[in-house]
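> Chains as they are written, first to last, in the numbering used here: chain A, 1 to 317; chain B, 318 to 634.
Think of the CB as a built atom: it goes at the ideal place given N, C-alpha and C, for glycine as much as any other residue.
Shown next, in the form of structure tokens:
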């Protein structure tokens with residue numbers, strides 16, 4: 001029989017957070033702020049103290065953004081066992097340390113104790129569901145990845161994906177649930193190690209590590225180069241649409257024709273792919289789709305307006 | 318005799334912009350807004366029309382940020398020849414198309430026509446001064462790179478660097494001049510292809526191209542993954558200090574010990590460097606330096622406050 005959710009998305013009220021470090025505690029703060037009951041279980045001794053401190057820290061920014069009706073910090077409880085934490089949960093978010101053997105064991109434990117109609121999401125930074133759920137015996141159909149970015153209570157993105165045995169309905173239910181919690185949901189079609197956000201972030205991070213190791217730049221220079229440069233643009237548009245605007249009225253097509261040859265230059269240690277006609281077409285069509293009829297000039301106006309707002313916000317003006 | 322500037326930084330009043338596409342025109346807008354006289358020369362027929370349009374577009378955001386005393390769009394003029402444009406300039410910004418043969422020729426032409434005490438800066442995205450100034454005969458000592466990010470009138474970063482024949486005084490003068498124009502100056506100690514910002518940006522961009530070519534993600538997914546995820550953090554802190562905050566109270570040291578093993582994972586096509594003891598130390602010490610005595614908790618408070626301001630600014634609230 002196909003997998004069926006225990007409750008519709010709109011009826012979900014109780015969330016269990018298994019593993020409560022910076023990420024698990026951050027999830028707890030978010031779910032509380034969105035009006036859910038949250039039960040935390042973590043095997044470490046000082047978990048309750050750490051999570052309460054983290055939630056207290058997060059509550060001010062979350063309040064500034066606006067809390068859901070009925071949201072309250074005292075709807076946070078701590079369970080003595082994993083089984084207690086998940087027994088009546090409507091959704092489970094696992095945030096154990098990033099080790100494959102540990103993830104496999106914890107996810108199998110959670111699966112055993114959680115009612116079958118409840119989705120179990122892993123915060124893993126890069127493992128796929130298929131490789132993590134090898135020891136899951138009861139309901140592999142409800143296992144998904146729900147990968148956030150730190151801090152989960154403020155950064156909108158969550159990347160979700162199922163594995164080979166995951167039911168499409170479970171991924172869809174999780175998407176709806178995260179949207180109810182005000183997340184921006186990216187539902188991936190394929191299991192790619194590192195998903196999308198971390199693959200891109202990691203490429204930049206590895207080049208930064210290489211530059212540090214080679215003495216080409218300092219930590220401070222690397223941070224400044226991103227923070228005062230492309231980082232500002234990425235907060236608004238992402239890399240593709242940003243370059244669409246660098247090409248003038250010709251957009252991405254002009255940009256690729258102008259800067260394409262630079263791909264051969266020894267910028268970064270990552271070898272460039274061939275800029276084939278098909279890849280060029282994918283980029284141009286994709287940017288046209290995102291532009292949705294807006295001219296480059298209209299996009300420039302919008303970017304500049306937002307950049308000014310961002311620069312003012314950043315400087316406290 | 319050592320190179321000497323024609324005027325002190327504070328006395329510079331006139332800027333020549335040679336080459337006036339999106340970047341050159343953007344520089345013109347910035348210099349006008351900071352109260353300089355700007356003379357543009359570009360060999361294309363519609364350059365004047367395009368630059369005036371670009372300056373008009375940029376003027377509203379620049380006004381929102383605050384214009385310098387006396388700043389005015391009618392202090393923009395167009396020269397009939399390169400020689401006329403640079404004859405009485407106090408600073409020259411070259412923004413010709415990104416082709417090495419062209420850069421060599423244009424920079425040699427500019428050098429011939431520009432008074433010897435005037436710095437000539439190239440907007441090149443990645444070439445070094447040493448490889449660009451091979452045909453410069455008069456004063457190679459004043460040739461520098463002054464690499465902006467689009468749009469130059471709003472993104473603070475400018476990366477500056479000299480070549481093997483550049484005088485340290487010329488680099489220092491340019492740094493002072495750009496700071497007078499409200500730029501954030503990163504003065505590089507070495508000639509590295511792509512400098513710092515573009516090396517890092519390009520690593521991410523190449524991974525994005527690979528993912529597109531392999532059908533692992535769409536243009537829209539790539540942009541959303543950055544814009545709703547790490548891009549928001551990078552606008553505030555850059556990649557190193559961001560990770561310092563992901564480690565909880567243990568900071569960067571904890572982060573490296575926890576996620577170091579993930580460097581071996583096949584996230585991105587860029588091979589990771591060995592996380593040697595020396596590299597670990599460089600990162601930990603660098604982040605401690607940037608933190609400047611602020612605890613991770615204090616940095617988290619600051620990040621969250623700015624993230625909220627940024628999220629509100631982005632959504633127009």
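Roughly how many angstroms separate the alpha carbons of residue 556 of chain B and residue 40 of chain A, rounded to a whole number?
30 Å
> Does any CB atom of chain A fall closer than 7 Å to the CB of residue 469 of chain B?
Residue-level contact check: residue 469 of chain B does not touch chain A, since none of the beta carbons of chain A fall below 7 Å from its beta carbon.
> Is residue 313 of chain A near residue 552 of chain B, with beta carbons less than 7 Å apart?
no
> Anyone know if the C-beta pair for residue 117 of chain A and residue 4 of chain A falls short of 7 Å?
A contact, by the Cβ cut-off of 7 Å.
> Would you give the residue range spanned by the beta strand (DSSP E) that residue 476 of chain B belongs to?
474 to 479
> Report, in whole angstroms, the separation of the C-beta atoms of residue 27 of chain A and residue 148 of chain A, which I expect to be a contact under 8 Å.
7 Å
> Cβ of residue 288 of chain A less than 7 Å from any chain B Cβ?
no
> When you compare each of A/265, A/241, A/225 to residue 302 of chain A by their alpha carbons, which one comes out closest?
Cα-wise, what sits closest to residue 302 of chain A is A/241.
> Residues of chain A with CB closer than 8 Å to the CB of residue 557 of chain B, please, in chain order.
Simply 208, 219, 222, 223.
> Closer than 8 Å is the cut-off here; do at least three beta carbon pairs connect the region 391 to 398 of chain B with the region 410 to 426 of chain B?
no
> Given this structure, state the Cα-to-Cα distance separating residue 282 of chain A from residue 580 of chain B, to the nearest angstrom.
30 Å
> Which residue marks the beginning of the beta strand (DSSP E) containing residue 143 of chain A, and which one marks its end?
143 to 148
> Roughly how many angstroms separate the alpha carbons of residue 134 of chain A and residue 162 of chain A, rounded to a whole number?
13 Å
> How far does the alpha helix (DSSP H) with residue 536 of chain B in it reach, from first residue to last?
536 to 544
> Roughly how far, in whole angstroms, is the beta-carbon of residue 545 of chain B from the beta-carbon of residue 157 of chain A, given that I think they are within contact range, below 8 Å?
4 Å
> Could you check where the alpha helix (DSSP H) with residue 331 of chain B kicks off and where it finishes?
From DSSP, residue 331 of chain B is part of no alpha helix (DSSP H) but of the beta strand (DSSP E) over 331 to 335.
> For residue 315 of chain A, count neighbouring C-beta atoms within 10 Å of its own C-beta (all shown protein chains included) and say buried if the count is 16 or more, exposed if not.
exposed
> Going along the region 567 to 588 of chain B in order, which residues come within less than 8 Å of chain A, judged by CB to CB distance?
575, 576, 578, 579, 580, 582, 583, 584, 585, 586, 587, 588
> Specify, as a first and last residue, the run of the alpha helix (DSSP H) that residue 204 of chain A falls within.
197 to 213
> Does residue 306 of chain A come out as helix, strand or coil in the three-state DSSP assignment?
helix
> Give the interface partners of residue 174 of chain A over in chain B, defined as CB-CB distance under 8 Å, in chain order.
Correct list: empty, because the minimum Cβ distance to chain B is about 17 Å.
> Please list the partners that residue 410 of chain B has in chain A, where partner means a Cβ-to-Cβ separation under 9 Å.
Chain A residues near residue 410 of chain B: none, gap ~17 Å exceeds 9 Å.
> Rounded to the nearest angstrom, what separates residue 404 of chain B and residue 616 of chain B at their Cα positions?
Residue 616 of chain B has its alpha-carbon roughly 50 Å from the corresponding atom of residue 404 of chain B.
> Do the CB positions of residue 110 of chain A and residue 92 of chain A come within less than 7 Å of each other?
yes
> Closest by CA to residue 524 of chain B, which one among B/506, B/325, B/507, B/586?
The candidate whose alpha carbon is nearest that of residue 524 of chain B is B/586.
> Can the beta-carbon of residue 463 of chain B be found closer than 7 Å to that of residue 430 of chain B?
no
> Just the chain B side, please: which residues come within less than 7 Å of residue 31 of chain A by C-beta, in chain order?
None at all; the shortest Cβ gap to chain B is about 17 Å.
> Establish whether the CB of residue 131 of chain A and some CB of chain B are separated by less than 7 Å.
no
> With DSSP collapsed to three states, give me the class of residue 366 of chain B.
Assignment of residue 366 of chain B by DSSP, reduced to helix, strand and coil, places it in the helix class.
> Using 8 Å for Cβ pairs, my map puts residue 477 of chain B next to residue 461 of chain B. What's the rounded Cβ distance?
6 Å
> By Cβ distance, which residues of its chain are closer than 6 Å to residue 247 of chain A, with the 5 residues on each side in sequence left out?
254, 255
> What are the boundary residues of the beta strand (DSSP E) that residue 184 of chain A is part of?
184 to 187
> Ignore the nearest five residues each way along the sequence and tell me which others in residue 377 of chain B's own chain have a CB closer than 8 Å to its CB.
none
> Rounded to whole angstroms, what is the Cα-Cα separation between residue 94 of chain A and residue 85 of chain A?
11 Å
> Once you ignore the five residues that flank residue 251 of chain A on each side, which residues in its own chain have a CB closer than 7 Å to its CB?
244, 287, 296
> Could you compute how far the alpha carbon of residue 176 of chain A sits from the alpha carbon of residue 184 of chain A?
10 Å
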